[in-house]
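Novice: Quick one: this structure, given as structure tokens, is what I'll be asking you about.
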Amino acid sequence: TRQQLFKEVDIDESYQLTQNEIELLNQQLYKKYSRLGDGYLVNTSSKTYKRVNLVNSATGGFPPVLLNMKSLRSLNLSYHGLRYIPDDIKQLSSLTELNLSNNPYLETLSAELGGIPLKSLILNECPALKTPPKEIVSRGFVAVFGYLKRLRLGSVPCKRTKLMLVGLGGAGKTSLVRAVTSPNYQAYMDYGESITDGIDIMDWQVPLMDEPLPLTYSVWDFAGQTVYYNTHQFFLSNRAVYLLLWNIRLGYEHAGLDFWLSSIACHAPKAPILVVGTHCDKVEKTKLPQEGLQSRFPQIAGFYYVSSYSGEGIQNLKEQLVKITLAQEYMGEQIPQAWLSFEKWLVEEHKNNGTSLLPFKTVESIASACGIFESNELIQAIQFLHDLGSVQFFNTDFLRDQVVIYPQWIVNVMACIVTVHVGPIQDGKLVLKDMKVVWKDYDEQLHPWLLRLTEEFDLTCPLPNEEANIVPCLLPDSEPQFEWPHADPAKNIKESKMVYHFKYLPAGLFNRAQVRLHQYSDGSVLWKKGSFLKKNNHIALILQTGTSEVTVKAQGFRPGNLLFVVHEVFETLISESYSGVKYDFSIPCLDCQNMNVKEPSMIAASKVHRAMELNAPFLQCEKFFHILSIPELQGSMPSDKSDFDNHLRKSVQELIEVNQNISTQVFFLYTKKNVPDLTKEKEVVHPGTLMEDLRKEGFRISYCDQPETADMEALTLSVKQVEVVLIGMSDELCSSDDAKKLLLYIKDVLRKPILLVLLGTTIKWQKSNLSMVFGTEAEDIPECFISYCWTNSHDAIEKGSKKKEGSLGWGDPREIKKFLQEKGISCWLDIERVGGGGLFEDIADGLRKAKVMVAFVSNEYVKSQNCLMEFRFGLTTLRIPVILAIVGTGYKWEESEIGMLAVGHHCPKVNFQFQNDTGHLELLKLVQECLPKGNNSSAKGNQSADVQRQAAFQEVLELAQRKFLRHVSAYAEEVDTIPYARLICVDLVNEEEKTRKTEKKKVNVDGTESNKETSSNKQDLADAGGKKEEVKKEDKQAKEVGQNNASGDVEIVHKSKYCFRLLCEHEQGWHVVFPAIPFPELTVSEEQDFLSSLAPYLMRLMVLLKHSNVQLTCLTTPDGQKFQQKLEEMVAKNEADFKEAYFKIRKSVMEKDMEMVMGNIKRVQLQNGKILWLCDEHKSLASSKTEALYKDKLTVQKVDIPIPTDVAEAPVPISQPQVEEKVEMVDKPNPAPSKRIFKQRGPQIQDRPRLQRQSSQACSVM
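Residue 1033 in the UniProt record's numbering is what sits at position 1033 of the sequence shown, and the numbering runs on without skipping anything.
The following block contains the structure:
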């Protein structure tokens, strides 16, 4: 039964399952359901479960009956017990999608998968998979499919790994290498050995009985001096076996075992460790706390004692080492024969010519000699050899021209920077003119490339105002003098912080974070344990405050974004390079922050997550016992998939709050009849010019230029959304009766503030009745916000609302509102004020402008999500005074979150459940006490206040976009297809695109057109909104697209009124890129169903975009407002979730963008490690200062490497042609160096599968 199963996995008997217990539950559930392959069957008579191996030796558990389904296109075999995919899979010749995720026993995929037209192959959570290797799988579908295609032409098993010798200096690592590789297992050089400088690398082959191929080790002997620890981290990997040596003579306490075990566990948590005590012939064997070490570090594979001098224990160590190595899951992987041949050519080149670095063009020639001709496959082969550690390849504009074919070379380059020997680098500063001293043994023209290489490894970073690079791990330990101000609420300066608690903080992690954050530092306040950062009038300080603690503080108008920037850096670094690191972080008590407490109470994220698991409504801080709601705390933490909507809601509320002070949303109503022709353009005002000027001043403009024929419903929606209506008053506008009716409707019914601007050349309208209608009126801003539940209102029940038992008490919120209104208190009530402003906006706007909130609380009130949102927003976010008016008949609300928050914030109460003749006056008095005295309507703010508001809005918008992109990126990574842009929206086809609906262009190879677009076409776009710059940009990008196509007819057709648009992911603000991508060709009903399925994603995206400067037709036109309302209605009716909607829109766009143009945006890795899709302009801004500094020494030569639109159609050559061209090798320093030519790949190289930042995987040689 369920109860028995729960009791079985509830190990601690807490009646709540921990994460480990949930994993145990999943294991038990896996056993209780029949699955294909290796699974369990139930005996219905005895109700017992018996393990049954259903694996068919010929199919690996794959159902043979499926092989008869020749037309099968999509197959989902996730959550089964398959062992392997058989060769007969080739019979499914129509298969395009295969999902094999969550098959825990899956080991091998047939190479025949490379012969069918797959476009998606999902292999998530397949821990036993050996073929393809995990490194290939991690690179995504393109790499996996290319690997399988090449595997069809021949493969060999691979048995090799790295052998890493680590330990303190003098532990005998070098001697042990000599002994274990010696026939007599002895090494006589025990004393007087020279110090290892950095890392020494050698190969060692061990013959295996009954095996044709030997076991190959790449032996890495690490220097034990402390100074090298910051570079050692780059070379530790999971694909290795570790020998941790310690000198018995020094004793366990001084052996440094904890340091090295923790370091290996952080970088390579899956690699086995053999702990080896040396010099056992000199002293008695010291006892180690083996059980304690084994429990803390489960990857320890054994403890051994040896003497390299006498040979004692060496043979046994070697035998156990080989045994443990052969047991590793990656042993015996199938590697394409051509790729290994390619590797051998590179190895021989180094052996024969001493070459360590080859130009990419030379590598291409070698690959051709090995039968690798396709550029796509060459990149995959190089990247795979990079993963194995045979070569080093860095796919950036500056570094991709060279390939390192000898790993020791990289080690030596790093050792020139970080070394025990005295050098020119003083106090962590590498002056660029000293590069010729640091790298005196290397070609001087290669020095900029080497400098950029150290930046790629996070070892150095450029100083902004000096020709020098900083080496953080060599900076002084002493903290420089600087002032950290105390936050001043009077100046609207807030402070926030996060504290990271690491189980173990590995060497180098903090310094690498400093490097990735260098763009926010001027280098003036920078030391080994701290950095001072500045961003957009905000400041931050990151400090390593202990051996396992890092503190981050930020100050400014909205410091949350800067904190999140730092958090993303640590999160990315740990994900890339420190997969074994365990940490928790703490956030400050929000009430302590609002009190400006210097040392606020800190609350651990793990505590908040645990409270969420237990559905606890609140937590208390430990210093002042403030009551904090869990949703409020959750919204202050970095988002995850489970709380995305909560974060989105908070982000929108903050955007609304900040944006009201800096940006006014305006609706411009005019007629196209007032657009002057070209002959009069300089004589009268052009509406498009007026809109452009307003946008430059920060106003957000939507418009209607045909009010005579416009859809009234759509127009009404548009006007409701804005704060001000700008009317282009003219005789031409007033000549239409429909337009005049619309003007009166806006003023008298919608009651929006109106500004008039005179257009045209005559003013006869001033003699009409309209001139008397439009006067100035003061806006009525309600001071008191009424928050209530309709079921508690007698008036609402009488008008048709559903009545609930016990919901009606004596008092009626609507009647009490009337009483307050009669006493001169202007009140906000939903039925009077909600004007269709969209999601969150109307209620949030009323609360923001209110001076006090009266919450009519009841049992029904606390069950309403809208009421909860209003209460939290008013009390905890805006922190306006809240008065409780108790209605209904129950008291359970006191035990709810609202009840606890009210107690914690000392909210006054007035009871209206029973007849209370003085209650109305008591409430009136409390409200009056909360209202400001006197007239506070005088203008406030100055230039500095404007700067504050602008900076605050920019930071809030950036943070909201970061959180949204973080969420979307996680889903994009789950879809294992060709890399594609992540931010996608649906828009209406704009006016300019409509005019080209049936137009054909003759596009030549050089991008010229035989059918030029007329100037009047562009004028139409200006008439429709003044987007002249967008016309130029789209024309330019259309021309670029034309260059990628052969000469011929290109027809731009939009059969639907909708289109897809992609967004550039620039961190300072997203924007639309061109050209648009056509919508699927569907019937009207199919189109509506399709939009409905996308609505959960689109609606959330639109909520953010409407607060940004992104210019979409659906955000700036009445039809667009109608489209947004339609999306809101679809979301309410749609059961699909955000994830499903996102997957669907991404798949649809990729199907329509067959040429993979992607609006010409490119996949770029930023200096902080993040990967974004950027336009050319923002891509150039993301480049390193080093690249910009040496660009004059860089000659770019483009070599096209296309991406196939259909991966399955990319051919793989079988034969190996003769290479007639002599392969030229770049060798050691040239005596007469000439200008180095770097070759940049073709226009779509950035769309290839790219390496992640290389520092952690560097030189993981097998």
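Even glycine gets a Cβ: it sits at the ideal position worked out from N, Cα and C.
(1) Considering only the beta carbon of each residue, do C501 and Y406 sit closer than 8 Å?
(2) Rounded to the nearest angstrom, how far is the Cβ of P157 from that of P127, given a contact under 8 Å?
(3) Leaving out five residues on either side along the sequence, give the residues of the same chain with a beta carbon under 6 Å from the beta carbon of residue 1287.
(4) Taking all protein chains shown into account, decide if A1188 is buried (16 or more other Cβ within 10 angstroms of its Cβ) or exposed.
(5) Which value, in whole angstroms, describes the spacing of the CA atoms of L648 and F871?
(6) For V306, collect the residues of the same chain with a Cβ closer than 8 Å to its Cβ; drop the 5 residues on either side in sequence, then sort them by chain order.
(7) Quick one: complete beta strand (DSSP E) runs, 3+ long, within the stretch 345-401?
(8) So, at 8 Å on beta carbons, what are the nonlocal neighbours of G428 in its own chain, with the 5 sequence-adjacent residues on each side left out?
(9) At a cut of 8 Å, does the stretch 521-539 reach the stretch 585-601 through at least three beta carbon pairs?
(10) Can you tell me whether DSSP reads Y33 as helix, strand or coil?
(11) In chain order, what residues of the same chain have a beta carbon less than 8 Å from the beta carbon of R879, not counting five sequence neighbours either side?
(12) Across which residues does DSSP place H501 in a beta bridge pair?
(13) Distance, Cα to Cα, L215 vs G60?
(14) With which residues is K429 paired in a DSSP beta bridge?
(15) Taking the straight line between their C-alpha atoms, what separation do you get for H626 and Q16?
(16) Could you tell me which residues DSSP puts in a beta bridge with W828?
(17) State the DSSP-derived secondary structure class of A1136, mapped to helix, strand or coil.
(18) Three-state secondary structure (DSSP) at A981?
(19) Using the DSSP secondary-structure output, state which residues sit across from G728 in a beta bridge.
(20) For the putative contact between N554 and S496, defined by C-beta atoms under 8 Å, what is the C-beta separation to the nearest angstrom?
(21) Count the C-beta pairs between the stretch 244-257 and the stretch 129-147 that are closer than 8 Å, then say yes if the count reaches three, no if not.
(22) State yes or no: is the C-beta of L669 within less than 8 Å of the C-beta of G728?
(23) What is the DSSP secondary structure of Q706, counted as helix, strand or coil?
(24) Would you check if the distance between the CB atom of L509 and the CB atom of L573 is smaller than 8 Å?
(25) Any idea what DSSP makes of H1178, helix, strand or coil?
(26) Take G1069 as the anchor and find which of F964, T689, P506, K31 has the nearest alpha-carbon.
(27) Should P298 go down as buried or exposed, given a rule of 16 or more other Cβ atoms within 10 Å for buried?
(28) Can you tell me whether DSSP reads P336 as helix, strand or coil?
(29) Let's test the definition: count the other Cβ atoms within 10 Å of the Cβ of V422 and tell me whether it reaches 16, buried, or not, exposed.
(30) Please check the pair H447 and K436, which I expect to be a contact at CB under 8 Å, by giving their CB distance rounded to whole angstroms.
(31) By the DSSP assignment, the beta strand (DSSP E) with D434 in it spans what residues?
(32) Figure out for me which residue from S71, K892, F398 has the closest Cα to the Cα of G806.
(33) Flag this pair as touching only if the stretch 408-420 and the stretch 362-370 have three or more C-beta atom pairs under 8 Å; answer yes or no.
(34) Can you give me the C-alpha to C-alpha distance between residue 1302 and H486, rounded to a whole angstrom?
(35) Between the stretch 94-101 and the stretch 66-77, are three or more C-beta pairs nearer than 8 Å?
(36) Could you please give me the residues that DSSP links to Y147 through a beta bridge?
Specialist: Considering the structure as presented:
(1) Numbered from 1 along the sequence shown, position 501 holds the residue referred to as residue 501. Numbered from 1 along the sequence shown, position 406 holds the residue referred to as residue 406. Just to set this straight, residue 501 is His in the shown sequence, not Cys. No; because the gap between Cβ atoms is not below 8 Å, this pair is not in contact.
(2) For this step, residue 157 is matched to residue 157 along the sequence shown. For this step, residue 127 is matched to residue 127 along the sequence shown. Actually they are not in contact, since the Cβ atoms of P157 and P127 sit about 20 Å apart, beyond 8 Å.
(3) This structure cannot speak to residue 1287, because the chain is shown only from 1 to 1262.
(4) Walking along the sequence shown from the start, residue 1188 turns up at place 1188. Looking at its Cβ environment, which holds fewer than 16 other Cβ atoms inside 10 Å, A1188 is exposed.
(5) Sequence index remark: in the sequence shown, residue 648 carries index 648 (1-based). Sequence index remark: in the sequence shown, residue 871 carries index 871 (1-based). Their Cα atoms are separated by approximately 17 Å.
(6) The residue labelled residue 306 in the question sits at position 306 within the sequence shown. If you ignore the 5 residues before and after V306, its C-beta comes within less than 8 Å of the C-beta of L176, A179, V276, G277, T278, C280, E312, G313, I314, L317, all in its own chain and listed in chain order.
(7) Runs of the beta strand (DSSP E) lying entirely within the stretch 345-401, each at least 3 residues long, are 357-359 in chain order.
(8) Taking the sequence shown and counting its residues from 1, one reaches residue 428 at position 428. Counting only Cβ-Cβ distances below 8 Å, and skipping sequence neighbours, we find I470, V471, P472, C473, L474, L475, P476, K528.
(9) No: the two stretches stay apart, fewer than three of their Cβ pairs being nearer than 8 Å.
(10) Walking along the sequence shown from the start, residue 33 turns up at place 33. Residue state, collapsed to three classes: coil.
(11) Looking up residue 879 in the sequence shown gives position 879. Contacts found: N594.
(12) Taking the first residue of the sequence shown as position 1, residue 501 is located at position 501. In DSSP, H501 forms a bridge with E549, D584.
(13) As a position in the sequence shown, residue 215 is number 215, starting the count at 1. As a position in the sequence shown, residue 60 is number 60, starting the count at 1. Rounded to whole angstroms, L215 to G60 spans 28 Å at the Cα level.
(14) To locate residue 429, count along the sequence shown from 1; it is residue 429. DSSP, once it has assigned bridges, lists Q426, I470 as partnering K429.
(15) Here residue 626 refers to the residue found at position 626 when the sequence shown is read from its first residue. Here residue 16 refers to the residue found at position 16 when the sequence shown is read from its first residue. Roughly 26 Å separates the two Cα atoms.
(16) Translated into the one-based positions of the sequence shown, residue 828 becomes position 828. BP columns for W828 point to F785.
(17) Along the sequence shown, read from residue 1 onward, the residue named residue 1136 stands at position 1136. DSSP places A1136 in coil when its eight states are reduced to three.
(18) Within the sequence shown, residue 981 is the residue found at index 981, counting from 1. When secondary structure is reduced to three states using DSSP, A981 falls in the coil class, being assigned neither helix nor strand.
(19) Here residue 728 is taken as the residue at index 728 of the sequence shown, counted from 1. Its beta-bridge partners are V757.
(20) Start at 1 with the first residue of the sequence shown, and residue 554 comes out as number 554. Start at 1 with the first residue of the sequence shown, and residue 496 comes out as number 496. One detail in the question is off: residue 554 reads as Ala in this sequence, not Asn. Yes, A554 and S496 are in contact; Cβ-Cβ is about 6 Å, under 8 Å.
(21) As far as the Cβ criterion goes, the stretch 244-257 does not touch the stretch 129-147, which means the pair count is below three.
(22) Within the sequence shown, the letter at position 669 stands for residue 669. Within the sequence shown, the letter at position 728 stands for residue 728. Contact check for L669 against G728 passes: the beta carbons are separated by less than 8 Å.
(23) Taking the first residue of the sequence shown as position 1, residue 706 is located at position 706. Reduced to three states, the DSSP call for Q706 is coil.
(24) Sequence index remark: in the sequence shown, residue 509 carries index 509 (1-based). Sequence index remark: in the sequence shown, residue 573 carries index 573 (1-based). In terms of Cβ geometry, L509 and L573 form a close pair [threshold 8 Å].
(25) Against the sequence shown, residue 1178 aligns to sequence position 1178. Helix.
(26) Counting from 1 along the sequence shown, the entry for residue 1069 is found at position 1069. When each option's Cα is compared against that of G1069, the closest is F964.
(27) To locate residue 298, count along the sequence shown from 1; it is residue 298. Per the 10 Å Cβ criterion, exposed.
(28) As a working mapping, residue 336 is identified with position 336 in the sequence shown. It is a strand residue.
(29) For the purposes of this step, residue 422 is taken as the residue at position 422 of the sequence shown. It counts as exposed.
(30) As a working note, residue 447 is residue 447 in the sequence shown. As a working note, residue 436 is residue 436 in the sequence shown. Confirmed, Cβ separation roughly 7 Å.
(31) Here residue 434 refers to the residue found at position 434 of the sequence shown. For D434, there is no enclosing beta strand (DSSP E), as DSSP marks it with neither H nor E.
(32) Counted from its first residue, the sequence shown places residue 806 at position 806. It is K892 whose Cα lies nearest to the Cα of G806.
(33) In short, these stretches do not touch, since the Cβ pair count stays below three.
(34) Lying outside 1 to 1262, the shown extent of the chain, residue 1302 is not represented and no answer is given.
(35) As far as the Cβ criterion goes, the stretch 94-101 touches the stretch 66-77, which means the pair count is three or higher.
(36) The count along the sequence shown starts at 1 and reaches residue 147 at position 147. DSSP lists no partner for Y147.
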